[in-house]
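What follows is a single structure, written as C-alpha cells, with notes after it.
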Amino acid sequence: MYKIMTPGPVQVPENVRLARSRSTTNADLDPVFYDEYKELCELISSLLHTSNETLILSGEGILGLEAACATLTEPGDKVLVLDNGIYGAGFADFVSMYGGEPTLYTTNYLNEIDVDELTAYLEKHHDFKYATVVHCDTPSGVLNDVHKICPLLKSYGILTVVDSVSGMFGNPLDIEKGQLDVVCGGSQKAVSAPPGLTFVTVSDDAKKAMENRKVPVASFYCNLNIFKDYYKKQWFPYTMPISDIYGLAAAMENIKNDTELYARHHRIAKAVRKAIQAAGLENHLQSGFSDTVTVFNVPEGIHADDILEHMQRKHHIMLSGSFGNLAGKVIRIGHMGANANEADMTATMAALEETLNYLGWESEESLLSSFVKYLNH
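Residue numbers for the sequence shown follow our numbering, beginning at 252 and rising by one.
Now the structure itself:
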C-alpha cells in the first residue's frame with residue numbers, strides 16, 4: 252500500500268472508512284435518512300460560514316462545477332471566466348456546452364489574480380451574468396483571494412461560481428464574508444473522504460437566477476433545480492449513495508472538531524516551500540501559494556516520471572506530476588486534510604531527498620533538515 256501524499260485523493264481516516272460500513276436503509280423511503288442528509292448539508296454550510304443551502308450530489312467534484320454552470324447558463328448568456336490556471340480555463344468548456352458565451356480573462360499562470368488589475372478590467376467590461384473563479388487551481392497550486400474577487404464582481408451585479416474543491420478546509424473560506432454565490436467542494440481533497448461526492452452551496456441570488464430561467468436546463472443529472480423542496484416532499488431526484496454520505500458526515504465531524512485545522516495546514520505548507528527553496532529546488536509559483544498543495548519544478552537533467560516511480564518503488568509514497576502545459580515539468584505534494592500532519596510530511600520530505608539524490612541531484616541544504624527547522628519556527 253502506498254502513502255498517498257497527492258493533492259487529492261488523499262489519505263482517509265479510519266473513522267471515515269468505518270462510517271461507510273454502517274448498515275444502510277432505503278435512502279429514497281426512510282425519513283430518518285432525509286433528516287441525516289439535511290443535517291449534514293446544514294453542517295457543511297455552517298463550516299463554510301453561511302446560511303445558504305448546501306446540496307450533496309452523487310459524483311466527483313467536477314459534477315458540481317458542471318451542475319453550477321448547467322443550471323445558471325442559458326443560451327447567449329455572457330460569462331466571465333477568470334483564468335490563471337488549467338482548471339480556471341476549463342470552466343469555458345462548461346459554459347459553451349450549455350450555450351453560454353465565455354470571455355476569458357487570462358493572467359499569468361505563475362501568480363494569483365491581481366485584484367487591482369481585475370478592478371480596472373471590470374470598469375470597462377462588466378456585462379456578464381456570472382463569473383467563474385477557481386479558489387485553488389490544483390495543477391499549479393495557485394490560490395486566488397476569492398474574499399476580494401467575489402465582492403468586486405458582486406458590486407457589478409455579477410454572480411459568482413467558485414471552484415473550491417481543492418481549497419476549502421485547507422485554506423480559510425467564508426462564504427458570507429466573500430459574498431460567494433455558488434461554491435463547489437469535493438469529498439476527496441482536504442475533506443479526506445473517498446472520491447465520489449461533490450457538494451454545492453447556493454445563495455438566494457443564484458437560486459433566483461436558476462429558477463427564473465426562460466428555457467429549461469439542458470440536463471437532468473446536472474440540474475440543481477431538481478432538488479427543490481426535496482425535504483418537504485421527502486423525495487430525492489435520484490437514489491443517494493448512502494454509504495458515501497455516511498463517510499462524508501464523519502469527515503465533516505472531524506473538520507468541525509479540529510481546532511488547529513487551518514493553522515496546521517499553513518505551518519506545514521510554509522515549511523515545505525521554505526525547505527524546497529533552501530535545498531536549491533524551485534517553487535513553481537511566484538505568488539498565491541495554497542496551503543493545500545506545493546508544486547516545484549523538476550530539476551534540469553531529471554525526469555518527473557523517474558521521481559514518481561522511485562518514490563513509489565523505494566519508499567511506497569505517492570506524489571503527483573501535473574498535466575496540460577505542466578506535464579513532465581513539475582511535481583506536486585499534497586499536504587491537505589489527513590495528509591497535513593507532521594509525521595507523514597517528514598517521511599515524505601526524507602523520501603523525496605533520498606530520491607532526488609539517487610537521481611543525481613545535489614542539494615544546497617538537506618531538504619529534510621530544512622523542513623524540520625522551518626516547521627518549528
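Note that beta-carbon positions come from the ideal geometry of N, C-alpha and C, so glycine has one too. A quick note: this is a predicted structure, and the numbers were derived from the prediction, not measured.
Between Val581, Tyr625, Phe420, which has its C-alpha nearest alanine 502's C-alpha? As a position in the sequence shown, residue 502 is number 251, starting the count at 1. With distances taken between Cα atoms, alanine 502 lies closest to Phe420.
Could you please give the first and the last residue of the uninterrupted alpha helix (DSSP H) stretch that includes lysine 375? Taking the first residue of the sequence shown as 1, we reach residue 375 at position 124. From DSSP, the alpha helix (DSSP H) with lysine 375 extends over 366-375.
What do you reckon, are the CB atoms on lysine 345 and valine 332 nearer than 7 Å? Position 94 of the sequence shown, counted from the first residue, corresponds to residue 345. Position 81 of the sequence shown, counted from the first residue, corresponds to residue 332. This sequence places phenylalanine at residue 345; lysine is not what is there. Cβ atoms of phenylalanine 345 and valine 332: not closer than 7 Å.
Hey, how far is the Cα of glutamate 605 from the Cα of tryptophan 486? Taking the first residue of the sequence shown as position 1, residue 605 is located at position 354. Taking the first residue of the sequence shown as position 1, residue 486 is located at position 235. Here the alpha carbons of tryptophan 486 and glutamate 605 stand approximately 55 Å from one another.
Pairwise C-alpha distance: aspartate 388 and phenylalanine 574: As a first step, residue 574 is located in the sequence shown; it is residue number 323 there, counting from the start. As a first step, residue 388 is located in the sequence shown; it is residue number 137 there, counting from the start. Each residue's alpha carbon lies about 12 Å from the other.
Return the chain-ordered list of same chain residues with a C-beta closer than 7 Å to the C-beta of valine 366, the five sequence neighbours on each side being excluded. Looking up residue 366 in the sequence shown gives position 115. Hits under 7 Å: Asp396, Lys399, Ile400, Leu403.
Does the segment 590-597 come close enough to the segment 500-519 that 3 or more CB-CB pairs lie under 8 Å? yes
Determine which residues share a DSSP beta bridge with cysteine 401 and list them. Position 150 of the sequence shown, counted from the start, is the residue given in the question as residue 401. Paired residue(s): none; cysteine 401 is not in a bridge.
For proline 423, which residues from the same chain have a beta carbon less than 7 Å from its beta carbon, with the 5 sequence-adjacent residues on both sides left out? Indexing the sequence shown from 1 puts residue 423 at position 172. Once the five neighbours on either side are set aside, the close Cβ partners of proline 423 are Tyr513.
Option nearest glutamate 551 by Cα separation, candidates Gly259, Leu532, Phe540, Glu290: Within the sequence shown, the letter at position 300 stands for residue 551. Among Gly259, Leu532, Phe540, Glu290, the Cα nearest to that of glutamate 551 belongs to Leu532.
Below 7 Å between beta carbons: does that hold for phenylalanine 547 and histidine 535? Within the sequence shown, the letter at position 296 stands for residue 547. Within the sequence shown, the letter at position 284 stands for residue 535. For phenylalanine 547 and histidine 535, yes; Cβs fall inside 7 Å.
Are the beta-carbon atoms of isoleucine 477 and alanine 278 separated by less than 7 Å? By one-based count along the sequence shown, residue 477 stands at place 226. By one-based count along the sequence shown, residue 278 stands at place 27. Against a cut-off of 7 Å, the Cβ pair of alanine 278 and isoleucine 477 comes out as no contact.
Arginine 271 - DSSP class collapsed to helix/strand/coil: Mapped onto the sequence shown, residue 271 falls at position 20. In the structure shown, arginine 271 sits in coil (DSSP, three-state: anything other than H, G, I, E or B).
Going by beta-carbon coordinates alone, are serine 438 and leucine 431 separated by less than 7 Å? Residue numbering aside, residue 438 sits at position 187 when the sequence shown is read from its first letter. Residue numbering aside, residue 431 sits at position 180 when the sequence shown is read from its first letter. No, Cβ-Cβ distance for serine 438 and leucine 431 is not below 7 Å.
What does the Cβ neighbour count give for lysine 459, buried or exposed, with the cut at 16 atoms within 10 Å? Counting from one through the sequence shown, the residue named residue 459 turns up at place 208. Lysine 459 comes out exposed.
Distance check for serine 297 and methionine 596, CA to CA, integer angstroms please. As a working note, residue 596 is residue 345 in the sequence shown. As a working note, residue 297 is residue 46 in the sequence shown. Methionine 596 and serine 297: Cα-Cα distance of roughly 30 Å.
Round the Cβ separation of leucine 671 and tyrosine 381 to the nearest angstrom and send it over; I've been treating them as touching at under 8 Å. It is not possible to answer for residue 671, since the shown part of the chain is limited to 252 through 628.
When the Cα of lysine 507 is compared with those of Ser443, Gln528, Phe622, which residue comes out closest? Here residue 507 refers to the residue found at position 256 when the sequence shown is read from its first residue. Of the listed residues, the one whose Cα sits closest to lysine 507 is Ser443.
Contacting residues, own chain, Cβ-Cβ under 8 Å from glutamine 563 (five flanking each side not counted): The residue given as residue 563 occupies position 312 in the sequence shown. In chain order, Tyr253, Met569 place their CB closer than 8 Å to the CB of glutamine 563, counting only its own chain and leaving out the 5 sequence neighbours on each side.
Check whether glutamine 537 and leucine 361 have beta carbons under 7 Å apart: The sequence position of residue 537 within the sequence shown is 286, counting from 1. The sequence position of residue 361 within the sequence shown is 110, counting from 1. By the CB criterion at 7 Å, glutamine 537 and leucine 361 fall inside the cutoff.
Report the start-end ranges of each beta strand (DSSP E) in the segment 465-512 that is 3 residues or longer and not cut off at the edges. Fully enclosed beta strand (DSSP E) runs of 3 or longer: not present.
From the DSSP output, in three-state form, read off valine 263 for me. Here residue 263 corresponds to residue number 12 of the sequence shown, with the count starting at 1. In the structure shown, valine 263 sits in coil (DSSP, three-state: anything other than H, G, I, E or B).
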